[in-house]
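Please read the structure below before turning to the comments.
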Amino acid sequence: MMTSLRGMVQHNLPIKIAALIVAVVLWLYVMNDQNPAIDGSYQVPVTIENAPEGYQLGSDTDKVTIRVRGPRSLFVSADASDFHARVNLADFVEGERAYTVETSIPYGFELVNISPDKIMINLDRMVEKTLKASLTISGTPATGYTVDKVIPEDEAVKVQGPRSLVDQVVHVAGHINLSGQSRDDVAQVTLVALNTDGREVAGVTLVPSSTAVTVKLARGLTRKVVEVQPHPRSDLAPNLKLEGVTVTPARIEIAGTEDVISKISVIGTEEFSLADVRATEKREVRLQLPEGVTVTNPHVTVEIKVGAMP
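For reference, each letter of the sequence shown is one residue, going -17 to 292 in the working numbering.
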């Protein structure tokens, strides 16, 4: 019986093998004709993995387009949620850098391309620094009154945010209008972060964001406008030369009794060091006020201009 079965198998064996090959080819042809390979695209969100703590993350896009190829039948049941894109920040560096997009696609699909295949991501460390709040006062009190003292409840203000923005902040300022005022008052003043050009720096947080300011007025005081004189120390780095120091405002209004005010023609700043100056810069300094003399704002801004030694 085994001999008979073997004979049946081996009878016309080459013809049988050829027929099997033809059948397989025909099956593949029919399947390819009825279920051909096609291309398709899916737009998917990018997931960030291993994002570092204490950094603000910004990217030029949050989605990519994944283009795949596969049998038509696979596209019938597939949708964008089956495809995944991610960026791994395990080897991050602070600042802006291009990171490769990695993908996961369902079985049976072939990845054609990813657009974009890299994403620019900026990692900005969250930092804080403390600055002294300064107050700008406008307006003139009622006739016969002058400003005696302006006392902010909070002088030290924390500036918090991404390093690139916090580094731009050089002043924290508030504004109060005293037009027509004739009595002591306490006002809530909003604080603003400013850069070297006096423009507001958005994207940072001030703590506190406002402060209570006590304004004390006085009667019978004499007013006078005098020049402000800067008093820099002579400790500038030896490789630099001081080209000039300008003060803003250059003239201020002072107030006090007649016998005190009549003897004053100039108000100087407190001495300020130049040891840490490396390039032309602006900074806030306090006025050196004689006893019995008041001003609306006890701070001025000095611009220190330096150049390289020849």
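Here a beta-carbon is modelled for each residue, glycine too, at the ideal position from N, C-alpha and C. Since the structure is predicted, the reported quantities are computational estimates derived from the model, not experimental observations.
Assigned exposure category for residue i - 16 Cβ within 10 Å defines buried
i      : result
ASP15  : Legend: pLDDT at ASP15 = 49, less than 50; position of this residue unreliable, value from coordinates given subsequently. Looking at its Cβ environment, which holds fewer than 16 other Cβ atoms inside 10 Å, ASP15 is exposed.
ALA138 : exposed
VAL168 : exposed
THR251 : buried
HIS157 : exposed
LEU117 : buried
ALA295 : Shown here, the chain extends from -17 to 292; a query on residue 295 therefore has no answer.
TYR24  : buried
Residue i vs residue j beta-carbon contact at 8 Å
i      : j      : result
VAL148 : LEU113 : no
ALA124 : GLY180 : no
GLU78  : ARG107 : no
ILE20  : PHE57  : yes
ARG260 : HIS281 : no
LEU222 : MET291 : yes
ILE234 : VAL210 : yes
ASN95  : ASN70  : no
MET102 : ASP42  : yes
ILE48  : THR82  : no
VAL46  : SER97  : yes
ILE133 : THR196 : yes
GLY40  : GLU92  : no
Residue i - partner residues in DSSP beta bridges
i      : result
GLU285 : THR228 and LYS264
ILE20  : GLY52
GLY156 : LEU117 and LEU173
ASP276 : What sits at residue 276 in the sequence shown is Thr, not Asp. Per DSSP, ALA237.
Same chain, Cβ closer than 8 Å to residue i, five either side skipped, listed in chain order
i      : result
ASP130 : LYS198, LEU199, ALA200, LEU203, ALA237 and THR276
GLY36  : ARG107 and MET108
ARG165 : LEU199
GLY289 : LEU222, LYS223 and GLU225
ARG265 : VAL152, PHE254, THR283, VAL284 and ILE286
VAL183 : LEU147, GLN150, VAL151, ALA175, LEU176 and ASN177
Beta carbon proximity, residue i to chain B, threshold 8 Å
i      : result
GLU110 : Structure shown: chain B not included; a single protein chain is present.
Cutoff 6 Å; reference residue i; Cβ partners in own chain excluding five residues on either side
i      : result
PRO190 : ASP136
PRO212 : VAL227, VAL229, THR251 and VAL284
Contacts around residue i, its chain only, beta-carbon distance under 7 Å, and the 5 residues preceding and following it disregarded
i      : result
ALA194 : GLU135, VAL168 and GLN170
SER146 : ASP106
In chain order, which continuous runs of the alpha helix (DSSP H) of length 4 or greater are located wholly inside the segment 191 to 272? Taking only runs of at least 4 residues, the alpha helix (DSSP H) segments lying wholly in the segment 191 to 272 are 240 to 243.
3 or more residues per run - each beta strand (DSSP E) lying fully within the segment 57 to 123: DSSP runs (the beta strand (DSSP E)) wholly in the segment 57 to 123: 66 to 70, 77 to 82, 84 to 86, 92 to 97 and 100 to 120.
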